[in-house]
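> For reference, the structure I am asking about is given below.
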Amino acid sequence: MKLLNIANGPRNASAVVLGCMRMPRLSVDAAAEMLRTAVDEGVNFFDHATCYGNGEAETRFGDAFKLAGLRREDVYIQSKCGLHFDRQEFDWSRDDIITSAEESLVRLKTEYLDVLLLHRPDLLYEPEQVAEAFETLHVQGKVRYFGVSNVSPGQLELLGKYVKQPLVINQLQFSLDQAQLIDTGLYVNNLTTEHSVDRDNGLIDYCRLKDITIQAWSPLQAGMFQGCFVDDPGYPELNKALGEVAEKYFVSKTAIAIAWILRHPARMQAIAGTMNPSHLKDICAGSDIVLTHQEWYKLYLASGRKLP
Ligand SMILES: NC(=O)c1ccc[n+]([C@@H]2O[C@H](COP(=O)([O-])OP(=O)(O)OC[C@H]3O[C@@H](n4cnc5c(N)ncnc54)[C@H](OP(=O)(O)O)[C@@H]3O)[C@@H](O)[C@H]2O)c1
Numbered sequence: 038m039k040l041l042n043i044a045n046g047p048r049n050a051s052a053v054v055l056g057c058m059r060m061p062r063l064s065v066d067a068a069a070e071m072l073r074t075a076v077d078e079g080v081n082f083f084d085h086a087t088c089y090g091n092g093e094a095e096t097r098f099g100d101a102f103k104l105a106g107l108r109r110e111d112v113y114i115q116s117k118c119g120l121h122f123d124r125q126e127f128d129w130s131r132d133d134i135i136t137s138a139e140e141s142l143v144r145l146k147t148e149y150l151d152v153l154l155l156h157r158p159d160l161l162y163e164p165e166q167v168a169e170a171f172e173t174l175h176v177q178g179k180v181r182y183f184g185v186s187n188v189s190p191g192q193l194e195l196l197g198k199y200v201k202q203p204l205v206i207n208q209l210q211f212s213l214d215q216a217q218l219i220d221t222g223l224y225v226n227n228l229t230t231e232h233s234v235d236r237d238n239g240l241i242d243y244c245r246l247k248d249i250t251i252q253a254w255s256p257l258q259a260g261m262f263q264g265c266f267v268d269d270p271g272y273p274e275l276n277k278a279l280g281e282v283a284e285k286y287f288v289s290k291t292a293i294a295i296a297w298i299l300r301h302p303a304r305m306q307a308i309a310g311t312m313n314p315s316h317l318k319d320i321c322a323g324s325d326i327v328l329t330h331q332e333w334y335k336l337y338l339a340s341g342r343k344l345p
């Protein structure tokens, strides 16, 4: 497993993160098996959110982690707060951040979170309140590092003006199918394709400039949540290219789709959401593959982009 140091954050973090959004569908026994497989494969980083299964994902993880006999100090546990589908609002107020983080600790059965992310922007956020919440959680030893998810450069700048702790992570959608994070960079100023539309104000370059590690969520999903594009007959060219590269490295197509993300020089982590141990092994194999420059482009173009 490839390890990376998150600038100003966790050291030797696995490049593949296990995303636990779908963990509520597993029994505690099956979740424990999933966690043991993850750790055996070198995964030491786990992603949560208060909203996953309305807290069920964190509860299942807390129970399964104990059953699996894993040691807290050997892993990084990250959670996210601020998304309230149940209340139909996003909330970055001081009290909500603190309460959410404290409730996560109880469900996860841990004394501290390694990382706490703000899940999605609250349009009414007051950065002073975020700063107060982060400071309280940090001083109390409840959260070690902080970051965000789905947040733009301007929002990061504004937060950074008030928050004392460095914002070390931005979790963003990125995959061979959903590559808008990088598309704009290729089609700069081009009127002939909508790939040139800058949807995030140069977010990838901003994160690299500011030493913010990008975590790629849904690395294998088509669209928002339309299912895995690997082996999907709706993606013939992409699957053909994935298959050809996979054959060269003696791994699965899934591994190559992950290797494609990890090959980007922004040095991202990929958050895999599978709850199938065998799929996770395929994914982890991708972290040991370093694609050539040309292979990377071949896959990118097979995903439906054209060189301008
Ligand atoms: N920050 C955000 O806004 C945000 C949004 C969404 C997700 N996330 C995070 O990202 C994580 C991953 O999201 P995701 O679950 O959508 O991502 P994903 O890893 O791209 O997709 C996983 C899905 O693909 C399926 N799948 C089918 N064939 C597969 C194969 N050969 N290999 C691997 N998976 C295969 C999995 O089913 P099986 O279980 O059967 O393998 C699972 O349903 C989440 O758990 C969460 O932590 C964050």
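Quick note, the sequence shown lines up with residues 38 to 345 if you use the numbering used here.
Glycine is no exception: its CB is placed at the ideal position from the N, C-alpha and C atoms.
In this text, all values refer to a predicted model and were calculated from it rather than measured experimentally.
From this set, Lys201, Leu328, Ile43, which residue's C-alpha is nearest isoleucine 251's C-alpha?
Your numbering for residue 251 matches position 214 in the sequence shown. Checked all of Lys201, Leu328, Ile43; the closest Cα to isoleucine 251 is Ile43.
> Taking 8 Å as the line, does the beta carbon of leucine 150 fall inside it for any heavy atom of ligand 1?
If you number the sequence shown from 1, residue 150 lands on position 113. Outside the cutoff, so no.
> I'd like to confirm something about arginine 157: is its beta-carbon nearer than 8 Å to some heavy atom of ligand 1, or not?
As a working note, residue 157 is residue 120 in the sequence shown. Arginine 157 Cβ: within cutoff of ligand 1.
> For a test of your reading of the model: does the CB of glutamine 258 fall under 8 Å from any non-hydrogen atom of ligand 1? Yes or no.
In the sequence shown, counting from the first residue as 1, residue 258 sits at position 221. True, at least one ligand heavy atom lies under 8 Å from that Cβ.
> I want to check one thing, is the minimum distance from the CB of serine 186 to the heavy atoms of ligand 1 below 8 Å?
The residue given as residue 186 occupies position 149 in the sequence shown. Result yes, Cβ under 8 Å from ligand 1.
> Any idea which residues DSSP pairs glutamine 115 with across the strands?
Here residue 115 is taken as the residue at index 78 of the sequence shown, counted from 1. Asp84, Val152.
> For lysine 343, tell me which candidate among Thr221, Ile326, Lys277, Ala294 has the shortest Cα-Cα distance.
Here residue 343 is taken as the residue at index 306 of the sequence shown, counted from 1. Minimum Cα distance to lysine 343 is reached at Thr221.
> Less than 9 Å separating the beta-carbons of alanine 142 and alanine 105?
By one-based count along the sequence shown, residue 142 stands at place 105. By one-based count along the sequence shown, residue 105 stands at place 68. The sequence given here places leucine at residue 142; alanine does not occur at that position. The answer is no: Cβ separation not under 9 Å.
> Cβ of tryptophan 129 within 8 Å of any heavy atom in ligand 1?
Position 92 of the sequence shown holds residue 129. Tryptophan 129: no, Cβ never under 8 Å from ligand 1.
> Identify whether threonine 329 lies in helix, strand or coil by the three-state DSSP scheme.
One-based indexing of the sequence shown puts residue 329 at position 292. Coil at threonine 329, not helix or strand.
> Can you list, in chain order, the residues of its chain with a C-beta nearer than 7 Å to that of glutamine 217? Leave out the 5 residues immediately preceding and following it.
The residue labelled residue 217 in the question sits at position 180 within the sequence shown. Contacts found: Arg236.
> Quick one: measure Cβ to Cβ for proline 61 and glycine 99, integer angstroms, because I've assumed they're closer than 8 Å.
For the purposes of this step, residue 61 is identified with residue 24 of the sequence shown, where counting begins at 1. For the purposes of this step, residue 99 is identified with residue 62 of the sequence shown, where counting begins at 1. Wrong, their Cβ atoms sit about 12 Å apart, outside the cutoff.
> What are the complete alpha helix (DSSP H) segments, minimum 4 residues, inside the stretch 244 to 292?
Entirely contained in the stretch 244 to 292, the alpha helix (DSSP H) runs reaching 4 residues are, in chain order, 273 to 286.
> Let me check understanding here. Comparing Cα to Cα, which of Glu169, Ala170, Cys118 lies closest to leucine 155?
Sequence index remark: in the sequence shown, residue 155 carries index 118 (1-based). Nearest C-alpha to leucine 155: Cys118.
> Where does alanine 52 fall in DSSP's three states?
Position 15 of the sequence shown, counting from 1, holds the residue named residue 52. Coil at alanine 52, not helix or strand.
> Could you tell me the distance, in whole angstroms, from the CA atom of glycine 239 to the CA atom of tryptophan 297?
Reading the sequence shown from its first residue, position 202 is the one you call residue 239. Reading the sequence shown from its first residue, position 260 is the one you call residue 297. One C-alpha to the other measures close to 20 Å.
> Taking the straight line between their C-alpha atoms, what separation do you get for methionine 305 and lysine 318?
Here residue 305 corresponds to residue number 268 of the sequence shown, with the count starting at 1. Here residue 318 corresponds to residue number 281 of the sequence shown, with the count starting at 1. When rounded, the distance between both Cα atoms is 19 Å.
> Please determine, among Asp248, Thr74, Thr173, the residue with the shortest C-alpha to C-alpha distance to arginine 181.
Sequence index remark: in the sequence shown, residue 181 carries index 144 (1-based). Considering only alpha carbons, the answer is Thr173.
> Name the residue from Pro256, Glu231, Asp132 whose alpha carbon lies nearest to the alpha carbon of glutamine 215.
Residue numbering aside, residue 215 sits at position 178 when the sequence shown is read from its first letter. Of the listed residues, the one whose Cα sits closest to glutamine 215 is Pro256.
> For tyrosine 149 and serine 137, what's the separation of their Cα atoms in angstroms?
Taking the first residue of the sequence shown as 1, we reach residue 149 at position 112. Taking the first residue of the sequence shown as 1, we reach residue 137 at position 100. Each residue's Cα considered, the two are about 13 Å apart.
> Just verifying my parser: in three-state terms, what is the DSSP assignment at valine 176?
Translated into the one-based positions of the sequence shown, residue 176 becomes position 139. Correct three-state label for valine 176: helix.
> Taking valine 282 and glutamate 332 to be in contact with their CB atoms under 8 Å, please state how far apart those CB atoms are, rounded to whole angstroms.
Residue mapping note: residue 282 aligns to position 245 of the sequence shown, counting from 1. Residue mapping note: residue 332 aligns to position 295 of the sequence shown, counting from 1. The pair is a contact, with the Cβ atoms about 5 Å apart (cut-off 8 Å).
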